[in-house]
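Quick note: the sequence shown uses my numbering, first residue 2, plus one each step.
Where is the CB? At the ideal position from N, CA and C, for every residue including glycine.
So the structure is just underneath, and the comments pick up after that.
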Amino acid sequence: MRSGSVFVGRYRELTLLRKGLGQLAHGSPMITSVVGEAGIGKTALVSQAMDSAAGLGIRVARSSAVEGGGSPAYWLWKDVLRQLSIGDQIDFDGLDHADHLAPNGAADVPTDAATRPQREFQFYEGVTDRLRAHAHESPLLVVFEDLHWADDESLRLLSHFVHGLAGIEAAVGIGLIVTYRDRPGGGPDSFSSTILQMARAAGSENIQLGPFSKEESAEAVRLIAGNVGNIAIDDVFKRTGGNPLFVTEIARMTGAEGTMTGAEGTM
């Protein structure tokens with residue numbers, strides 16, 4: 002969790018991410034999932050990792066899925082490729098034109114329903130090739146947040162991309178970090194298959210975030226609200242269950258109202 006520029010807790014998880022980023026900076030691929038309920042601190046942890054990546058000279062492109070659906074097809078990828086200034090090289094408007102992205106000058110494929118899987122494959126390979134070429138210039142980290150809300154097209158392309166990371170030459174560093182909430186029953190097929198693909202990838206990591214401990218909650222509260230007594234800390238922890246978002250909001254509200262005080266304190 003961040004309070005201003007201060008990061009609280011998650012030291013083991015951040016150490017694991019930084020280890021992967023160090024390997025990425027030297028050309029090895031990286032695939033990491035950060036999983037947890039709403040407000041548990043996924044974005045805060047990933048933001049710290051992004052800061053570390055920048056310090057290692059890794060280019061970072063980040064995008065978030067939109068709650069409630071309605072986002073354009075391939076939204077996550079369009080956003081990332083735009084940030085990398087290569088979005089205009091790819092036609093996302095229809096797979097009827099995917100053949101111009103075929104690797105190694107592959108022949109055009111007829112644009113009928115029977116050939117759609119082949120055209121999708123060529124399209125996905127084209128996107129992956131663009132990112133691979135970009136990573137030849139400097140290591141690249143792609144961050145997708147709130148994957149549980151992602152459109153099906155983005156998820157299918159992500160599955161292909163993850164599969165392709167295993168075939169990237171050791172000299173090319175491309176990393177991927179995704180965040181998502183656990184979904185009852187696994188969620189839609191496209192989401193479940195993508196998560197499974199990531200879990201199967203060689204060297205992939207899965208970071209499960211739980212609530213703050215009482216000590217971490219106390220550290221967060223005192224950073225936000227100042228000198229706070231143990232009774233007040235205990236009350237915050239009981240009311241929030243250690244959820245970082247709730248801990249932060251209660252500390253801010255009660256701190257602003259001056260209702261946390263002293264060694265024993267009140268709320």
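In this structure, what does DSSP give as the bridge partners for phenylalanine 145? Phenylalanine 145 is bridged to Ser64, Val179.
Given this structure, state the Cα-to-Cα distance separating arginine 223 from aspartate 235, to the nearest angstrom. Arginine 223 and aspartate 235: Cα-Cα distance of roughly 12 Å.
Assuming serine 135 and leucine 142 are in contact, meaning their beta carbons sit under 8 Å apart, how far apart are those beta carbons, in whole angstroms? Correcting the residue identity first, residue 135 is histidine in this sequence and not serine. Contact between histidine 135 and leucine 142 is absent: CB atoms are separated by about 11 Å, not below the 8 Å threshold.
Kindly indicate the opening and closing residues of the beta strand (DSSP E) around valine 35. 31–36 is the extent of the beta strand (DSSP E) around valine 35.
Among Gln123, Thr249, Lys20, Arg201, which one has its Cα closest to the Cα of glycine 40? Closest in alpha carbon position to glycine 40, among Gln123, Thr249, Lys20, Arg201, is Thr249.
Between which two residues does the alpha helix (DSSP H) holding asparagine 231 run? First-last of the alpha helix (DSSP H) with asparagine 231: 231–241.
Using three-state DSSP, classify phenylalanine 8 as helix, strand or coil. Reduced to three states, the DSSP call for phenylalanine 8 is strand.
Should serine 53 and arginine 19 be called a contact, given that it needs their Cβ atoms to be closer than 7 Å? Result yes, Cβ atoms of serine 53 and arginine 19 sit closer than 7 Å.
For methionine 199, count neighbouring Cβ atoms within 10 angstroms of its own Cβ and tell me buried if that reaches 16, exposed if not. The residue is buried, with at least 16 neighbouring Cβ atoms inside 10 Å.
Where isoleucine 208 sits in the DSSP three-state scheme: Under the three-state reduction of DSSP, isoleucine 208 is assigned to strand.
Evaluate glutamate 126 with the Cβ neighbour count: other Cβ atoms within 10 Å of its Cβ, from every protein chain shown; 16 or more gives buried, anything less gives exposed. Buried, since its Cβ has 16 or more Cβ neighbours within 10 Å.
Tell me, to the nearest whole angstrom, how far the beta carbon of glycine 37 is from that of glutamine 209; I am working on the premise that it is less than 8 Å. Right, their Cβ atoms sit about 7 Å apart.
Could you have a look at tyrosine 125 and say whether DSSP puts it in helix, strand or coil? Correct three-state label for tyrosine 125: helix.
Drop a sphere of 10 angstroms on the beta-carbon of alanine 203, count the other beta-carbons inside from all chains shown, and report buried for 16 or more, exposed for fewer. Counting Cβ neighbours within 10 Å, alanine 203 comes out exposed, since fewer than 16 surround it.
For proline 1 and methionine 31, what's the separation of their Cα atoms in angstroms? Residue 1 lies beyond the range of the chain shown here (2 to 268); nothing can be said about it.
Extent of the continuous alpha helix (DSSP H) to which serine 218 belongs: Per DSSP, serine 218 belongs to the alpha helix (DSSP H) from 215–226.
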